[in-house]
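Which chain is which? The protein sequence lines are S and W, in order.
Taking my numbering, the leading residue of the first sequence gets 1, the next gets one more, and so forth.
Taking my numbering, the leading residue of the second sequence gets 115, the next gets one more, and so forth.
C-beta: ideal position from N, C-alpha, C; glycine also.
Please read these numbers as outputs of a predicted model, since none were measured by experiment.
This report concerns only the one structure given below.
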Amino acid sequence: AAIPVPKGSCRNLCHRHQLFINFRDLGWHKWVIAPKGFMANYCHGDCPFSMTTYLNSSNYAFMQALMHAVDPRVPKAVCIPIKLSPISILYQDSDGTVILRHYEDMVVDECGCG
Amino acid sequence: SKFQEYDFLQFLDLEKAPSPRRFQPVPRILRKIFQAREAAVAGGPSQDLCYVKELGVRGNLLRLLPDQGFFLNTQKPSRDGSCLQKYLYFNLSAIQVKGTLTMARLTLDLGPRSYYNLGPEVEVALSVVEEHGVWGRSHPKPGRMFALQSVPGPQGPLHFNLQDVVKDWNSNGLKNLGLYLEILAKEDRHSGVNFQVENTCDRLIRSLHASLLVVTLNPEHCPSSSRKRR
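Dropping the structure here:
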């Protein structure tokens with residue numbers, strides 16, 4: 001039988017929450033040339049069993065949600081990033097050197113149950 | 115809540131928030147790489163952050179160091195056509211030992227390209243300084259010459275590979291005492307065109323701009339297999 005989607009509003013379900021860090025708020029605009037800030041998104045929300053069947057989650061999450069449905073002592077699957085992207089920061093140090101630095105996996109693009 | 119700025123700086127591999135006195139102009143090459151990276155992120159394909167395709171080298175940290183040297187003479191050009199001598203100094207202390215140096219490119223920008231400064235031919239000589247001068251009394255002494263280049267007209271950027279020189283300073287124990295730059299303007303008696311060597315030298319002294327682009331690869335962030343297999 002089709003598993004009823006939980007009554008809880010979608011807002012409680014696992015999804016990406018957007019959060020923008022503006023370097024000017026930190027006073028970093030005095031030395032960061034670009035970008036003006038960056039997306040510090042995060043993943044949050046519930047991972048009920050039904051979620052794992054359509055939110056691109058790992059097989060392990062499906063099994064864990066299934067086990068949790070059978071035995072609540074097994075923890076639920078959790079809401080985690082499943083797609084990340086890098087950022088580059090162009091800034092100047094106290095010596096006048098212009099620096100371009102890349103940081104891997106800094107921005108959460110997608111979330112899923114894992 | 116109080117933003118843990120210190121932790122964030124540490125996370126970005128910075129001891130403390132820099133406090134530059136004034137912003138340096140951002141060189142076109144860094145702006146181009148930054149914009150290409152931003153576009154790649156927006157476009158979606160995964161990119162190899164440990165390879166700088168615009169420069170054709172591996173690396174995940176690019177630094178453009180400003181020249182902190184000074185002119186050694188700005189008198190009239192001497193008999194042998196020597197236009198200017200300049201002491202070049204780049205503070206390499208920030209280049210962490212843990213990073214592997216993959217590029218050190220000196221750029222001498224002789225000034226904007228134009229149709230009316232077509233000559234005279236100039237010769238650019240670069241040497242390593244092996245003996246510090248005494249401020250105000252003696253000039254830094256040029257040691258080994260590592261580059262000599264003739265340029266048809268005193269204009270546009272010239273690039274010199276300094277990787278071996280910087281490696282000597284960074285890891286072979288030679289002290290970084292700076293570089294000695296000499297530019298000679300060569301009268302061209304055959305062409306009959308009398309280039310005003312003096313004007314050329316004056317303009318070069320006004321427009322010369324030196325910078326050093328250093329690319330390093332941090333093995334912690336860039337394991338050797340980080341390049342995607344084709």
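Would you verify that the beta carbon of residue i is, or is not, closer than 8 Å to some beta carbon of chain S?
i                : result
Phe148 (chain W) : yes
Phe137 (chain W) : yes
Arg344 (chain W) : Confidence at Arg344 (chain W) is low in this model, with a pLDDT of 41, below 50, so its placement is unreliable and no value can be given for it.
Ala324 (chain W) : no
Asn290 (chain W) : no
Pro141 (chain W) : yes
Val280 (chain W) : no
Leu175 (chain W) : yes
Ala218 (chain W) : no
Ser285 (chain W) : no
Ser196 (chain W) : no
Pro256 (chain W) : no
Pro268 (chain W) : no
Gln124 (chain W) : no
Arg341 (chain W) : With a pLDDT of 49 at Arg341 (chain W), under the threshold of 50, the modelled position of this residue cannot be trusted; read the value that follows with caution. Not closer than 8 Å to any Cβ of chain S, the Cβ of Arg341 (chain W) fails to qualify, so no.
Should residue i go down as buried or exposed, given a rule of 16 or more other Cβ atoms within 10 Å for buried?
i                : result
Gln149 (chain W) : exposed
Arg344 (chain W) : Bear in mind that the predicted position of Arg344 (chain W) carries a pLDDT of just 41, short of 50, making it unreliable; the figure below should be weighed with that in mind. Exposed: under 16 other Cβ atoms inside 10 Å.
Arg341 (chain W) : Confidence is the limiting factor: at Arg341 (chain W) the pLDDT is only 49, short of 50, which leaves the residue's position unreliable, though a coordinate-based value still follows. Classification for Arg341 (chain W): exposed.
Thr97 (chain S)  : buried
Thr214 (chain W) : exposed
Ser115 (chain W) : In this predicted model, Ser115 (chain W) has a pLDDT of only 49, less than 50, meaning its place in the structure is not dependable enough to derive any value.
Met63 (chain S)  : exposed
Tyr203 (chain W) : buried
Met259 (chain W) : exposed
Gly287 (chain W) : exposed
Ala24 (chain S)  : The amino acid occupying residue 24 (chain S) in the given sequence is Arg; Ala does not appear at that position. It is exposed - the Cβ of Arg24 (chain S) has fewer than 16 other Cβ atoms within 10 Å.
Gln199 (chain W) : buried
Pro337 (chain W) : exposed
Val70 (chain S)  : exposed
Phe20 (chain S)  : exposed
Arg16 (chain S)  : buried
Lys130 (chain W) : exposed
Gly173 (chain W) : buried
Asn181 (chain W) : Reading the sequence as shown, one finds Asp at residue 181 (chain W) and not Asn. Label assigned to Asp181 (chain W): buried.
Gln92 (chain S)  : buried
Pro268 (chain W) : buried
Lys327 (chain W) : One point to set straight first is that residue 327 (chain W) is Leu, not Lys, in the sequence displayed. Burial call: buried.
Phe125 (chain W) : exposed
Say whether chain W places a C-beta atom closer than 8 Å to the C-beta of residue i.
i                : result
Ile82 (chain S)  : no
Ser50 (chain S)  : no
Val98 (chain S)  : yes
Leu19 (chain S)  : no
Pro86 (chain S)  : yes
Leu26 (chain S)  : yes
Ala115 (chain S) : Limits of chain S in this structure are 1 at one end and 114 at the other, which puts residue 115 (chain S) out of reach.
So residue i contacts chain W; which residues on that side make the cut at Cβ distance below 8 Å?
i                : result
Glu104 (chain S) : Leu163 and His335
What are the residues that DSSP puts in a beta bridge with residue i?
i                : result
Gln199 (chain W) : W:Asn187 and W:Glu296
Ile87 (chain S)  : S:Tyr103
Cys79 (chain S)  : S:Cys113
Asp223 (chain W) : W:Pro271 and W:His323
Tyr177 (chain W) : According to the sequence displayed, residue 177 (chain W) carries Arg and not Tyr. Its beta-bridge partners are S:Ile99 and W:Val328.
Pro256 (chain W) : W:Val243
Ala218 (chain W) : W:Val328
Ala34 (chain S)  : S:Leu90
Phe20 (chain S)  : S:Met39
Gln263 (chain W) : W:Val238
His15 (chain S)  : S:His44
Tyr165 (chain W) : W:Arg172
Val108 (chain S) : S:Leu84
Taking residue i as the query, report the chain S residues whose CB atoms sit under 7 Å from its CB, ordered along the chain.
i                : result
Asn205 (chain W) : Asp95
Leu144 (chain W) : Leu90, Val98 and Leu100
Val155 (chain W) : Ser85 and Pro86
Pro271 (chain W) : In chain order: nothing, as chain S lies at least about 16 Å away.
Ala131 (chain W) : Trp28 and Trp31
Indicate, with yes or no, if the ligand MG has a heavy atom lying under 7 Å from the CB of residue i.
i               : result
Leu66 (chain S) : Among the components modelled here there is no ligand, and therefore nothing to report on the ligand MG.
So with CB distances below 9 Å, who are the chain S contacts of residue i?
i                : result
Arg151 (chain W) : Pro86, Ile87, Ser88, Leu100 and His102
Leu179 (chain W) : Asp95, Gly96, Thr97 and Val98
Ala208 (chain W) : Asp93, Asp95, Thr97 and Ile99
His234 (chain W) : Per the sequence shown, the amino acid found at residue 234 (chain W) is Pro instead of His. Within 9 Å Cβ-Cβ: nothing; Pro234 (chain W) doesn't reach chain S, min ~33 Å.
Taking Cβ-Cβ distances shorter than 8 Å, what residues in chain S pair up with residue i?
i                : result
Glu119 (chain W) : Leu26
Ser228 (chain W) : Ordered by position in chain S, no residue passes the 8 Å Cβ test against Ser228 (chain W), which lies about 26 Å from the chain.
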